[in-house]
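Asker: In numbering that gives the first Met the number 0, the protein residues as written are 0 to 462.
So that we are looking at the same thing, I have put the structure below in structure tokens.
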Amino acid sequence: MSGLARDLTALLDSGKVLTDPEDCHAYACDAVYYFARRAPEAVVLPETPQEISGILRYASDQKIPVTPRGAGTGLSAGCTPVQGGIVLDMKRMNRVLEINRGNMTARVESGAVLGPFQQQVEAMGLFYPPDPQSQEVSTIGGNVSTRAGGPRGVKYGTTAHYVLGLEVVLPDGEMIRTGGTCVKQSVGYDLTHLMTGAEGTLGVITKVNLRLLPLPPAHRTAVIVCETLDQAAMLVSEIIAEGTIPARLEYVTSGAVQLMNATLTPPLSTDGEAYLFTELDGSPAQVEEDTQRLRSVCDRLEAMELRIIGDEREAETYWRARRNLAPTLLRLFKKMIVEDVTVPRDRIPDFVRALQSISASLGLIIGIGGHAGDGNIHPSIMFPEINDDLEAKAKEAVRRIVRTGLEMGGTISGEHGIGLHKAEFLVWELGEAQIALLKRIKKAFDPRGIMNPGKIWQEGGEA
Ligand SMILES: Cc1cc2nc3c(=O)[nH]c(=O)nc-3n(C[C@H](O)[C@H](O)[C@H](O)COP(=O)(O)OP(=O)(O)OC[C@H]3O[C@@H](n4cnc5c(N)ncnc54)[C@H](O)[C@@H]3O)c2cc1C
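Quick look at the structure:
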């Protein structure tokens, strides 16, 4: 038994420590990235914050890197260790501790899986809107740590808008509680929202207090087939400007619709250049009024087709097809890099055209879709095979995509976070002075540099 394995099993039951290289190897990747730089030497599966505190105190003393991991569905190599060390797998801390209807709040352990939590909340007539499309597996701790968004971002915002308070274990093992369960608080620096989106670089989130909303009683899904991209973009702007903020407003291309048609009855026409999948929600009267407004905008702008799906169960087939797009593509290709640049809504057509030109000039297959309502576009670079030539072209494509998004007034990540994948571009968006400030904050939390080193900015972190 290695020294590390011996030390960890002195801190935790042996059933909570994995050191077999094959087990550890499985923790060297997230949903799409495999960074074989250094698999962890050990994986721990704690069940209490106290156990995490003991591990972090030990890791801090020994200066051993620790990488927190939720479900490993991240798309920017946030949870893949760069310097080996210990991976802290949070999946056993998965309880929903409280759903408080009176206060409209919930308290969960950070390893709780989003989808089942949302179902529990909805069974009580309440609503937790953030909906990253990985919701059947991703954890709330992972969502908080990446400020995850999803289709409902356009109306309801992202995970960050629902976090009221956290329990966190700091790198030296100290436990703190930030925020609380009130909808407002003005007490000192806002550490809750500093930890939210910190990608496991400042501490380990063990519990999360979340804000809930009343469950909207009525929903209606519609698909708009658009002749051109510009028409789709104009529709997005006009639908919102006319006073309807859809609960979801997704953009997909005809290529994606061809894949989705396998599960849609009747299939959608593939003659359009762009498709908008939208959901209206609210009171029945509100949904009716919004539907009429949607019809009139579609008529005025001469959309090719407006398909209103009356039945909620049928509507779910459309949303399931949309959710399953990425896994379907992953089955067809060997590898995929999903980009996450967000641009101002009115720049979506220019951005999509730039993506098409990047794809053509580099000879790459780039699938284009995303959350049109909030400008968050997900170009997906598909690998029919894995070789050095394609890897080099994909790297160049990512650089061009990120640069183009920034030039259009956008941001390099709308919801996936920086991780390792985007670290080299951070300086383009934030500049040196801001990065220096981030590093000083990191140092204040983590002077020994053990928490997820090598992430967010380059230089291998502080460890
Ligand atoms: C098919 C598919 C669809 C997706 N769709 C979306 C989408 O619509 N919107 C979106 O935003 N994302 C999406 N994602 C990306 C991903 O699901 C999200 O980033 C999600 O929030 C990650 O959660 P996770 O539990 O898997 O975290 P992980 O991937 O395990 O970790 C993500 C980051 O959080 C840190 N972390 C995890 N838990 C903790 C903790 N308890 N304390 C401190 N740090 C922690 C990790 O160190 C890492 O940096 C999608 C991914 C897939 C595979």
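Glycine included, each C-beta is placed from N, C-alpha and C at the ideal position.
Predicted, not measured: the structure shown is a model, and the values here were computed from it.
So, with DSSP's three-state summary, where would you put Cys297?
Answerer: Correct three-state label for Cys297: helix.
Asker: Would you kindly check if the distance between the Cβ of Gly172 and the Cβ of Arg56 is under 9 Å?
Answerer: In contact: Arg56 and Gly172 (Cβ atoms closer than 9 Å).
Asker: Closest to Thr264 by CA distance: which of Ile376, Ala314, Leu354, Val186 is it?
Answerer: Checking every option, the nearest Cα to that of Thr264 belongs to Ala314.
Asker: Check for me: the beta strand (DSSP E) holding Val207 runs from which residue to which?
Answerer: Val207 -> beta strand (DSSP E) spans 203–210.
Asker: Got a sec: does ligand 1 put a non-hydrogen atom nearer than 8 Å to the Cβ of Glu463?
Answerer: For the chain, the structure presents residues 0 to 462; residue 463 sits outside this window and is missing.
Asker: State buried or exposed for Pro452, treating a residue as buried only when at least 16 other CB atoms are found within 10 Å of its CB.
Answerer: Result: buried.
Asker: Would you mind sorting Thr66 into buried or exposed? The rule is 16 or more other CB atoms within 10 Å of its CB.
Answerer: Classification of Thr66: buried, given that the 10 Å Cβ count is 16 or more.
Asker: Where are the alpha helix (DSSP H) runs, 4 residues long or more, that stay fully inside the stretch 98–173, in chain order?
Answerer: The stretch 98–173 contains these whole alpha helix (DSSP H) runs: 113–122, 139–145, 152–155.
Asker: With the cut-off set at 9 Å, would you say Arg176 and Gly164 are in Cβ contact?
Answerer: Yes, these two residues count as a Cβ contact at 9 Å.
Asker: If you draw a straight line from the alpha carbon of Pro150 to that of Ser1, how long is it in whole angstroms?
Answerer: Rounded to whole angstroms, Pro150 to Ser1 spans 46 Å at the Cα level.
Asker: Phe424 by DSSP, collapsed to three states: which one?
Answerer: Helix at Phe424.
Asker: In angstroms with no decimal places, state the Cα-to-Cα distance between Asp130 and Pro378.
Answerer: Looking at the two C-alpha atoms, the distance is approximately 19 Å.
Asker: Let me check you understand the geometry: is the CB of Gly69 closer than 8 Å to at least one non-hydrogen atom of ligand 1?
Answerer: It does: the Cβ of Gly69 is within 8 Å (strictly closer) of some heavy atom of ligand 1.
Asker: Taking 8 Å as the cut-off, is the CB of Leu159 close to at least one heavy atom of ligand 1?
Answerer: A small fix is needed here, since residue 159 is Ala in this sequence, not Leu. No.
Asker: Please report how far the alpha carbon of Thr72 lies from the alpha carbon of Val112, in whole angstroms.
Answerer: Looking at the two C-alpha atoms, the distance is approximately 12 Å.
Asker: In chain order, what are the residue ranges of uninterrupted beta strand (DSSP E) at least 3 long that sit wholly in the stretch 370–439?
Answerer: Listed in chain order, the complete beta strand (DSSP E) runs (minimum 3 residues) inside the stretch 370–439 are 379–382.
Asker: Looking at the unbroken alpha helix (DSSP H) that takes in Phe332, where does it start and where does it end?
Answerer: It is not in any alpha helix (DSSP H) - Phe332 carries neither H nor E in the DSSP assignment.
Asker: Report the three-state DSSP secondary structure of Glu278 (helix, strand or coil).
Answerer: Strand at Glu278.
Asker: Taking 8 Å as the cut-off, is the beta-carbon of Asp130 closer than that to any non-hydrogen atom of ligand 1?
Answerer: Yes.
Asker: Looking at Ile347: is its Cβ nearer than 9 Å to the Cβ of Ala231?
Answerer: It is a contact, given that the beta carbons lie within the stated cut-off.
Asker: Short of 6 Å in beta carbon distance, which residues of its chain neighbour Glu97, apart from the five on each side in sequence? Order them along the chain.
Answerer: Contacts found: Arg106.
Asker: What are the partner residues of Ile336, as DSSP defines its beta bridges?
Answerer: DSSP, once it has assigned bridges, lists Ile380 as partnering Ile336.
Asker: Alpha carbon to alpha carbon, how far is Asp189 from Ile204? Give it in angstroms, no decimals.
Answerer: If I take the Cα positions, the gap works out to 15 Å.
Asker: So, are the CB atoms of Met303 and Gly271 less than 9 Å apart?
Answerer: Cβ atoms of Met303 and Gly271: closer than 9 Å.
Asker: If you drop the 5 nearest sequence neighbours on each side, which residues of the same chain put their C-beta closer than 7 Å to that of Ala76?
Answerer: Within the same chain, Ala76 has close Cβ partners Asp29, Tyr32, Phe34, Gly418, Leu419, His420.
Asker: Apart from the five residues just before and just after Phe350, which ones in its own chain have a Cβ nearer than 8 Å to its Cβ?
Answerer: Taken in chain order, the residues that qualify are Val340, Val342, Ile376, Thr403, Gly404, Met407, Gly409.
Asker: Spatial neighbours of Asn260 within its chain, please: C-beta separation below 7 Å, excluding the five flanking residues on both sides.
Answerer: The residues are Pro266, Leu267.
Asker: Can you tell me where the alpha helix (DSSP H) holding Gly254 begins and where it ends?
Answerer: Gly254 -> alpha helix (DSSP H) spans 253–259.
Asker: Quick one, which of Val167, Gly362, Thr200, Ile411 has its alpha-carbon nearest Val463's?
Answerer: No answer is possible for residue 463: it lies beyond the span of the chain, which begins at 0 and ends at 462.
Asker: Does the distance from the C-beta atom of Lys454 to that of Gly448 stay below 9 Å?
Answerer: Contact: no.
Asker: Cβ-heavy atom distance between Gly366 and ligand 1 below 8 Å?
Answerer: Outside the cutoff, so no.
Asker: Under DSSP, the beta strand (DSSP E) around Ala221 begins and ends at which residues?
Answerer: Unbroken beta strand (DSSP E) run through Ala221: 217–225.
Asker: Compute the Euclidean distance between the alpha carbons of Ala462 and Cys23, then round it to the nearest angstrom.
Answerer: In this prediction, Ala462 has a pLDDT of 36, which is less than 50 and means its spatial position is unreliable; nothing more can be read from the coordinates.
Asker: Which whole runs of the beta strand (DSSP E) in the stretch 339–369 are 3 residues long or more, in chain order?
Answerer: Taking only runs of at least 3 residues, the beta strand (DSSP E) segments lying wholly in the stretch 339–369 are 364–366.
Asker: Alpha carbon to alpha carbon, how far is Ser185 from Asp12? Give it in angstroms, no decimals.
Answerer: Taking the straight line joining both Cα atoms gives about 41 Å.
Asker: Could you tell me how far apart the beta carbons of Gly196 and Arg146 are, in whole angstroms, since I believe they sit closer than 8 Å?
Answerer: Indeed they touch by this definition, with Cβ atoms about 4 Å apart.
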